[in-house]
Amino acid sequence: MFRKSFVLFFSVVFLGCFSCKENPEKTVKTEPIVFRKEGELVIKRQKVDTVITIFDIEIAETDYETQTGLMYRDHMEAHQGMLFIFPDERMHSFYMKNTEIPLDLIFIKADSTIVSFQENARPLDESGLSSKVPVTYVLEVNAGLVQKWTLEVGDKIQFMKN
């Protein structure tokens, strides 16, 4: 009896140890998330109405797109950004959970006026990044571009969807 129990115990342990071993043929491979150009955005100076920059945007409008944003991406080109469009103007807060690239966040009112920034948001940081005032749009671009473009509160955006 003891011998049968002993053999049964070690058989279960042996099978348990090797049955969970990952089989390379069964590994799930995921496709990298790639940028999808869904429109173009222009930023203009408030005082002299000159164009600061023009770039391609991906648009986040659905709940899923808004919640996912730029998560799980390992890069974004300098001429690309993501524009979040909300159905109403209110306070919004973002975080960098699962976001691998540093970003600048540009907060924009319904009338297309830039009202605040969060610069150099750190990758994977779950601290809240608040708009500070009610906004309808949030534009995410690579970190350092707000400073490079010398953006100011009061500058304006214009965008067109494809």
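Sequential numbering of the sequence shown, starting at 61, is according to our numbering. Even for Gly, the Cβ is constructed at its ideal location relative to N, Cα and C.
Residue Val94 holds the alpha-carbon nearest to the alpha-carbon of Gly129 among Val94, Thr110, Val102. With 16 or more other CB atoms across the displayed protein chains lying within 10 angstroms of its CB, Asp215 is buried. Under the three-state reduction of DSSP output, Tyr132 falls in the coil class, being neither helix nor strand. In this structure, the beta-carbon distance from Glu100 to Phe177 does not fall below 8 Å.
Contact annotation: Met142 and Glu118 have beta-carbon atoms nearer than 8 Å. For Leu211, no alpha helix (DSSP H) encloses it, and the DSSP letter there is neither H nor E.
DSSP, read as helix, strand or coil, puts Tyr155 in coil.
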